[in-house]
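Asks: Right, I'll just put the structure down here and ask away after.
In the working numbering, the protein residues as written are 520 to 855.
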């Protein structure tokens, strides 16, 4: 059915000129539509459509200055049907290529298990939950949460990739389920990436602490997991059920901006002191494998460099190497 044909039937419905078959078609079609409107129709456009439709309805029910009494439910149903039809037609058009914000009151879909919000655009989509938590959904990613979200608990189910900036609430931990992996926090920010093709789930922390775990079958009191702090991550293998902790590819400073902007220059400073300064800045633990290397002197300007580039310069200056072992970085060398 074309948009024009749909509009013609709707117009005749308002005029009381439709056949029983056409009325049955409209009523069945309307009942089958989701309660909420598609999220890719701008709010101002939806309101303008509502105003235009109601003007048309009032023109039809007040001909020649005489008021015709009509059941309110009939008029409201007709208006909703017309509006839903127009919005449905607009939803078939490609969504605008701009970042959009989705409020929980305008979900994409309502399912038996809860409310689903899915990002069908090419850009990140911002979702603000009722508790104040902000979720940035990547393309083709979705979250599902219960209709009673934030009343007694805060639980979200993720498919795909998303960044969570969780509003702190010590009475209601924020829990994200992604496949078999569970991430639990009070208030922090972190990434979760569910890679279905490689059967892996990655969780990386930006601020705060995150508990990541899986529940063992028939052993609810015992969980297999780790605690993550900033610049740490875990990679969970869906097949083997293994959780492997590690360090994010590009650690960022966790100290205040005014501290980050201070000169990061060392002159004849022992290796242990340099690594201690790095640990304070990035929250990463460094271990010197050979104790005799602790007093090796470092002279280097480390401003404006990434953490691993800084490490490379430090190691080259004393003929050493570094390796990542889980969430710890080991410095290997014979000493100076």
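Where a beta carbon is used, it is the ideal one built from N, C-alpha and C, also for glycine.
It should be emphasised that the depicted structure is a prediction, and the values quoted were computed from it without experimental measurement.
Let me know the secondary structure DSSP gives residue 544 once reduced to three states.
Replies: Residue 544 sits at position 25 when you count from the first residue of the chain shown. Of the three classes helix, strand and coil, the one that applies to residue 544 here is helix, per DSSP.
Asks: The beta strand (DSSP E) spanning residue 656 covers which residue range?
Replies: Counting from 1 along the chain shown, the entry for residue 656 is found at position 137. Its beta strand (DSSP E) spans residues 653 to 656.
Asks: For residue 848, which residues from the same chain have a beta carbon less than 8 Å from its beta carbon, with the 5 sequence-adjacent residues on both sides left out?
Replies: As a working mapping, residue 848 is identified with position 329 in the chain shown. If we look at residue 848 and ignore the five residues flanking it on each side, its Cβ neighbours are 766, 803, 804, 805, 806, 830, 841 and 842.
Asks: Determine, using beta carbons only, whether residue 744 and residue 720 come nearer to each other than 8 Å.
Replies: Within the chain shown, residue 744 is the residue found at index 225, counting from 1. Within the chain shown, residue 720 is the residue found at index 201, counting from 1. No; because the gap between Cβ atoms is not below 8 Å, this pair is not in contact.
Asks: Could you tell me the alpha carbon to alpha carbon distance between residue 640 and residue 663, rounded to whole angstroms?
Replies: Along the chain shown, one-based indexing puts residue 640 at 121. Along the chain shown, one-based indexing puts residue 663 at 144. Near 18 Å, if we compare the C-alpha coordinates of residue 663 and residue 640.
Asks: Report the partner residues of residue 789 according to the DSSP bridge assignment.
Replies: Taking the first residue of the chain shown as position 1, residue 789 is located at position 270. Beta-bridge pairing links residue 789 to 816.
Asks: By Cβ distance below 7 Å, which residues in the same chain neighbour residue 783 in space, the five residues on each side in sequence not counted?
Replies: What you label residue 783 is simply residue 264 of the chain shown in a count that begins at 1. Excluding sequence neighbours, residue 783 sits near 821 and 822.
Asks: With the cut-off set at 8 Å, would you say residue 728 and residue 702 are in Cβ contact?
Replies: For the purposes of this step, residue 728 is identified with residue 209 of the chain shown, where counting begins at 1. For the purposes of this step, residue 702 is identified with residue 183 of the chain shown, where counting begins at 1. Taking 8 Å as the Cβ cut-off, residue 728 and residue 702 do not qualify as a contacting pair.
Asks: Just to confirm, are residue 819 and residue 798 a CB contact at a threshold of 8 Å?
Replies: Position 300 of the chain shown, counted from the first residue, corresponds to residue 819. Position 279 of the chain shown, counted from the first residue, corresponds to residue 798. In this structure, residue 798 does not lie closer than 8 Å to residue 819 by Cβ.
Asks: Mind pulling the alpha helix (DSSP H) runs of 4 or more residues that sit fully within the segment 703 to 770?
Replies: Fully enclosed alpha helix (DSSP H) runs of 4 or longer: not present.
Asks: Using three-state DSSP, classify residue 844 as helix, strand or coil.
Replies: Along the chain shown, one-based indexing puts residue 844 at 325. Strand, per DSSP.
Asks: Can residue 788 and residue 817 be called in contact, C-beta distance under 8 Å?
Replies: As a working note, residue 788 is residue 269 in the chain shown. As a working note, residue 817 is residue 298 in the chain shown. Result yes, Cβ atoms of residue 788 and residue 817 sit closer than 8 Å.
Asks: Could you tell me which residues DSSP puts in a beta bridge with residue 850?
Replies: In the chain shown, counting from the first residue as 1, residue 850 sits at position 331. Answer by DSSP bridge pairing, in chain order: 807 and 841.
Asks: What whole-angstrom Cβ distance do residue 726 and residue 686 have, given they're in contact under 8 Å?
Replies: The sequence position of residue 726 within the chain shown is 207, counting from 1. The sequence position of residue 686 within the chain shown is 167, counting from 1. That belief does not hold up - the Cβ atoms of residue 726 and residue 686 are roughly 13 Å apart, past 8 Å.
Asks: Are there 16 or more other CB atoms within 10 angstroms of the CB of residue 689, so buried, or fewer, so exposed?
Replies: Reading the chain shown from its first residue, position 170 is the one you call residue 689. So residue 689 ends up on the exposed side.
Asks: Measure the alpha-carbon distance for residue 772 versus residue 705 and round it to whole angstroms.
Replies: One-based indexing of the chain shown puts residue 772 at position 253. One-based indexing of the chain shown puts residue 705 at position 186. Those two C-alpha atoms are separated by around 22 Å.
Asks: DSSP three-state label for residue 642, please.
Replies: Counting from one through the chain shown, the residue named residue 642 turns up at place 123. Three-state result, residue 642: coil.
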